Structures are given as C-alpha cells and as structure tokens.
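The opening position of the sequence shown corresponds to residue 1 in the working numbering, with each subsequent residue numbered one higher. Glycine included, each C-beta is placed from N, C-alpha and C at the ideal position. The structure displayed is predicted, hence computed values, not measured ones.
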Amino acid sequence: MAVVRLEALRKVYPNGHVAVADASFETADGELLVLVGPSGCGKTTLLRMIAGLESISSGTLRIDGRVVNALPPKDRDIAMVFQNYALYPHMTVAENLGFGLRLRGHPREAVAQRVREVAQVLELEPLLAARPGAMSGGQQQRVALGRAMVRDPKLFLLDEPLSNLDARLRLSTRVEIARLHRRLGASMIYVTHDQIEAMTLGQRIVVLDRGVIQQIDTPMNLYRRPANRFVAGFLGSPAMNFLPGTLHMDHTGTALHGPHGSLALPALALPQAWHGRTVTLGVRPEDLHPVAAATPASMAAQLEVVEPVGNEVFVNLRMGDTPLVARMPPCDLPAPGSVMHVAPAPAQLHFFDADTGARLSG
Ligand code: ATP
Numbered sequence: 001m002a003v004v005r006l007e008a009l010r011k012v013y014p015n016g017h018v019a020v021a022d023a024s025f026e027t028a029d030g031e032l033l034v035l036v037g038p039s040g041c042g043k044t045t046l047l048r049m050i051a052g053l054e055s056i057s058s059g060t061l062r063i064d065g066r067v068v069n070a071l072p073p074k075d076r077d078i079a080m081v082f083q084n085y086a087l088y089p090h091m092t093v094a095e096n097l098g099f100g101l102r103l104r105g106h107p108r109e110a111v112a113q114r115v116r117e118v119a120q121v122l123e124l125e126p127l128l129a130a131r132p133g134a135m136s137g138g139q140q141q142r143v144a145l146g147r148a149m150v151r152d153p154k155l156f157l158l159d160e161p162l163s164n165l166d167a168r169l170r171l172s173t174r175v176e177i178a179r180l181h182r183r184l185g186a187s188m189i190y191v192t193h194d195q196i197e198a199m200t201l202g203q204r205i206v207v208l209d210r211g212v213i214q215q216i217d218t219p220m221n222l223y224r225r226p227a228n229r230f231v232a233g234f235l236g237s238p239a240m241n242f243l244p245g246t247l248h249m250d251h252t253g254t255a256l257h258g259p260h261g262s263l264a265l266p267a268l269a270l271p272q273a274w275h276g277r278t279v280t281l282g283v284r285p286e287d288l289h290p291v292a293a294a295t296p297a298s299m300a301a302q303l304e305v306v307e308p309v310g311n312e313v314f315v316n317l318r319m320g321d322t323p324l325v326a327r328m329p330p331c332d333l334p335a336p337g338s339v340m341h342v343a344p345a346p347a348q349l350h351f352f353d354a355d356t357g358a359r360l361s362g
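This is how it looks when you write it as structure tokens:
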C-alpha cells in the first residue's frame, strides 16, 4: 500500500488566505489516519493537495518516496470518496461500480469480474441492478466506496463520507469502513469534523486548527495527554471543563486561586516553579465527582440541567460565569436550581498555560 509524506506542505489561496500552514507528517503503510478539526481548519484543502486536486504553494509531497507535487491526480493511484457520493443516477449499481474501469479501457469481462468481487465485499450483490435513486443513503455510500475500491488503489482519501447519513446509518457505515480497512489493509486518509468518528476510526489522528497541525497521536494518547487547550477541548464529549486561576503552593499543599475562590488540589506533586503561574485547569466531565458536603477541594455549583443518556447522565452545572459538566452513573440528583458540591479527581488533572494554551507537564 502507500506511505504518504508531507514536508512543510503549505497552501495559500490567491486571496492570501493561508489554509494550510506547513503541515508535516508521514503515514504508516496501511494506516487509517484521520484528519480532524472544526469547519474551515483546512482539512479538505490538505486532502485535495494529497489527491492532486489543489495546487501546493510550497513544501514537498511524497507518495512511496516519490515527489508527486506536480503529478496529475490520475497518475497518483489514489481513490477519493467525497461527502456527496456523486453517483450517476441513470446507471445501475453495477454500471456505477464499473464506470472508472471501463473508462480506462479494461475489457468488459474483467470489469464484470471486479465489480462482482467488490459487490461481494460490500454486500451490494442484491443491489447490482438497482439505480441510486431507489437506494438508501447508506447503500449509496457503499456504492461510492465500492467505486473507489474497484481500481484497487494504493491510497484511499475519504472526505466526510458519512456526513449525509442519519445517526444510525453513520454508526453502522463507520463500522463498515473500519472492517473494510482491516480487510483490505489499505492506506486511508479520512477527513471529518466529528471527533467521535475521528476517535473511533483513526489509528492515529491529526488535529488541525486554523490551518495548523496541533497534535498527531493515537486517539487515547490525544485524550489522555492533549498537547494544548484546543485539543483538550475539541476531543471528548461532553467537552473538558476549564477553570482559570493562579497556582498557589506552600507547605500546606497546592491550590488554584481563581475567580470562584480557592480550590485545594490535594496529593498533587507539581513542580515548585509553577507557584504563582496563571493557568487553565482542565477537568474531564468523568473526573468531576459529586461530594456530599463542601470541602476545600470541592466547588459549589448550581445544578442547571440534567441530561440522561441511559447508562450515564450529564450533569450541567454553573459556577458564576463558568459552566461545568459532570458525567456520572444514573443516580438520584437534587432538583435543578439546587447547589451541588463537586470535586475534581486529583490524578486526572490537566494544566495549560493561560496565555499560550500549551500543556504544562511537570
Ligand atoms: P469544512 O469542514 O467546513 O469543509 P475544512 O476544514 O475542510 O472545512 P477547507 O475547505 O480546507 O476547510 O478550507 C480552509 C479555509 O480556506 C477556509 O477558511 C476556507 O474558507 C478557505 N478557502 C477554501 N477554499 C478557498 C479558496 N478557493 N479561496 C480562498 N479561501 C478558500
């Protein structure tokens, strides 16, 4: 399969907008790498540069060691699957699947054989004679994937391929793609703005914000050790809670002095040099626990809304201007408007520089 290497790849649109700023990374052979970030962060631009559909302003793009900056898309041995499947409505599934091969002059019987193979993998055999208009979104998406697969490309580029599907289909097609990736052993670069999709599908994830790569790592490493406040807030649902304040350390221990008073942070061995530092404390919702009564290590917050999701509840609280979310097993909770005391789990805290947002690690 294919190894893609980006060296300081940059895209400046003619209006001067820097859509991708010096992106560098290398995929592993056969890897499913996800590019994730909010709308407008440059992920589609980056994918289109890899596909050859967008010119490269500067930097070097290599596929399997060969510089391909100027190579036309058709010579890159890449298949791209877009958000809108763009199937030909007047053609059957079989004709849609075989169209690319026929265009390249492959013999009729060879095309039919390859179409049958792909249809079998994607469980599309019963639909080979159907037309796209008579099929569900999920089925159409599988045909779009199949159309990419028939050529047996060395690299698949997928741009938000599930975004037109409803929630249930998105889930099952996501599993389908993961299964397919395992079966084909193909290299895939997958673009999404959906962090759940990124976390569940990606072997590694590239997090982008405003054209700049923020962090590249496995889903769990990104979750456990986000490199900065942006990554910390982007990955995880509900999002991480952030508390501003100044660290205070003395012989009695460590505390965060913030707009909401003093929060003791017991049993933390932070570097002494952090004393007096202005930070943002990050606490994941699952690390914010209710306590029966106020302690120096707890915060008093007003309960606003409880969102039950079945196996757990999201408890939305407010402490002055600061919203807080705690995630806990279903339990009896006080009525909205009541005051609850919650304490962060000391072992799971994240500290970020208040100015730069960079993770502080001791
Ligand atoms: P989305 O998830 O909304 O598709 P994206 O992360 O894929 O967003 P891109 O489509 O890559 O983002 O666009 C990156 C930035 O470049 C955006 O701010 C966009 O407005 C800008 N942009 C895209 N195409 C052009 C263009 N042809 N000329 C100028 N700016 C552009």
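Where residue i falls, given that 16 or more other Cβ within 10 Å makes a residue buried
| i | result |
| --- | --- |
| G310 | exposed |
| D159 | buried |
| E197 | buried |
| N96 | buried |
| D287 | buried |
| Q113 | exposed |
| P126 | exposed |
| R174 | buried |
| Y85 | buried |
| Q348 | exposed |
| M299 | buried |
| T44 | buried |
| V339 | exposed |
| V150 | buried |
| P259 | exposed |
| H369 | Given a span of 1 to 362 for the chain in the structure shown, any question on residue 369 remains unanswerable. |
| Q215 | buried |
| S24 | exposed |
| V291 | exposed |
| P285 | buried |
| A186 | buried |
| Q272 | exposed |
| A232 | buried |
| T252 | exposed |
| G16 | exposed |
Presumed contact (8 angstroms Cβ cut-off) between residue i and residue j, rounded CB distance
| i | j | result |
| --- | --- | --- |
| L303 | P336 | 6 angstroms |
| I78 | L157 | 6 angstroms |
| G138 | L169 | 4 angstroms |
| M199 | P219 | 4 angstroms |
| M41 | D209 | Contrary to the premise, residue 41 reads as Cys rather than Met in this sequence. Right, their Cβ atoms sit about 5 angstroms apart. |
Rounded straight-line distance, which links the Cα of residue j to that of residue i
| i | j | result |
| --- | --- | --- |
| L222 | V207 | 9 angstroms |
| P73 | L263 | 57 angstroms |
| D75 | I63 | 11 angstroms |
| L235 | R108 | 48 angstroms |
| V118 | L46 | 28 angstroms |
| L35 | A144 | 20 angstroms |
| A326 | L317 | 8 angstroms |
| F230 | A70 | 34 angstroms |
| P153 | L162 | 20 angstroms |
| S136 | L124 | 12 angstroms |
| A294 | K11 | 53 angstroms |
| L103 | E176 | 28 angstroms |
| S39 | V212 | 13 angstroms |
| E312 | M328 | 6 angstroms |
| P89 | I56 | 33 angstroms |
Cβ-Cβ distance between residue i and residue j below 8 angstroms
| i | j | result |
| --- | --- | --- |
| L61 | M80 | no |
| M1 | D29 | yes |
| A343 | H289 | yes |
| V315 | L333 | yes |
| T92 | R131 | yes |
| V121 | R183 | yes |
| M240 | V283 | yes |
| T278 | F242 | no |
| S115 | G98 | The amino acid at residue 115 is misidentified as Ser; the sequence shows Val. Yes, the Cβ-Cβ distance between V115 and G98 is below 8 angstroms. |
| L9 | G202 | no |
| A94 | L128 | yes |
| L265 | A301 | no |
| G59 | L6 | yes |
| N228 | A354 | no |
| V4 | L155 | yes |
| P346 | A269 | no |
*Who's in the neighbourhood of the ligand ATP, going by beta-carbon under 6 angstroms from any heavy atom, listed in chain order?*
Y13, N15, H17, A19, G37, S39, G40, C41, G42, K43, T44, T45, H193
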